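In terms of the numbering used here, the sequence shown has 90 at position 90, counting the first letter as 1, and numbering is strictly consecutive.
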Amino acid sequence: MGGRWVTAVLLVLLAVVHAQLWWGWGNVSQVEALRRELAAQEQANEAARLRNERLAAEVRDLREGVETVEEIARQELGMVKPNEIFVQIQSPATAASPAVRSAGEQPSR
1 MGGRWVTAVL
11 LVLLAVVHAQ
21 LWWGWGNVSQ
31 VEALRRELAA
41 QEQANEAARL
51 RNERLAAEVR
61 DLREGVETVE
71 EIARQELGMV
81 KPNEIFVQIQ
91 SPATAASPAV
101 RSAGEQPSR
């Protein structure tokens, strides 16, 4: 009779532990959701780390070299040095655009 009580108590404890595993706090589905969230956050962190490295390299270049500042000024501000000639080449698709006309061409009415 005593062995049956021990078996019954152990089965009840096993059921409680098993229920906690599947439906209680920190259950299997919550752990899996946290793993997915962790993987997504690690990817976001890696993307941010790469962006930070690129920005740090750009800051380092701007502090150390005049060439980078000049390149940015030429690209974004259209800087041209004295005695330089600026030539802009348009692609055929841009040249054929109706918005681009030659100097002597009159707008159509």
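The beta carbon of each residue, even a glycine, is placed where N, CA and C say it ideally should be.
The structure displayed is predicted, hence computed values, not measured ones.
Give me the Cα-Cα distance between residue i and residue j, rounded to the nearest whole angstrom.
{"i": "Leu13", "j": "Ala39", "result": "34 Å"}
{"i": "Val6", "j": "Gln20", "result": "21 Å"}
{"i": "Ser91", "j": "Val31", "result": "55 Å"}
{"i": "Gly43", "j": "Asn27", "result": "A small correction: the amino acid at residue 43 is Gln; Gly does not occupy that position in the sequence shown. For Gln43 and Asn27, the distance between alpha carbons rounds to 25 Å."}
{"i": "Leu55", "j": "Ile85", "result": "32 Å"}
{"i": "Glu70", "j": "Glu53", "result": "22 Å"}
{"i": "Ile89", "j": "Arg35", "result": "52 Å"}
{"i": "Ala114", "j": "Ala57", "result": "Residue 114 lies beyond the residue range present for the chain, which begins at 1 and ends at 109; the question has no answer from this structure."}
{"i": "Val16", "j": "Trp23", "result": "10 Å"}
{"i": "Ala2", "j": "Ala8", "result": "Before going on, a small fix: residue 2 reads as Gly here, not Ala. Answer to the nearest angstrom: the Cα atoms are 10 Å apart."}
{"i": "Gln41", "j": "Pro82", "result": "51 Å"}
{"i": "Leu11", "j": "Asn45", "result": "45 Å"}
By the DSSP assignment, the alpha helix (DSSP H) with residue i in it spans what residues?
{"i": "Ile72", "result": "66-77"}
Where does residue i fall in DSSP's three states?
{"i": "Gly3", "result": "helix"}
{"i": "Glu32", "result": "helix"}
{"i": "Val83", "result": "According to the sequence shown, residue 83 is Asn rather than Val. The answer is coil: DSSP assigns Asn83 none of H, G, I, E or B."}
{"i": "Trp25", "result": "coil"}
{"i": "Gln20", "result": "helix"}
{"i": "Gln43", "result": "helix"}
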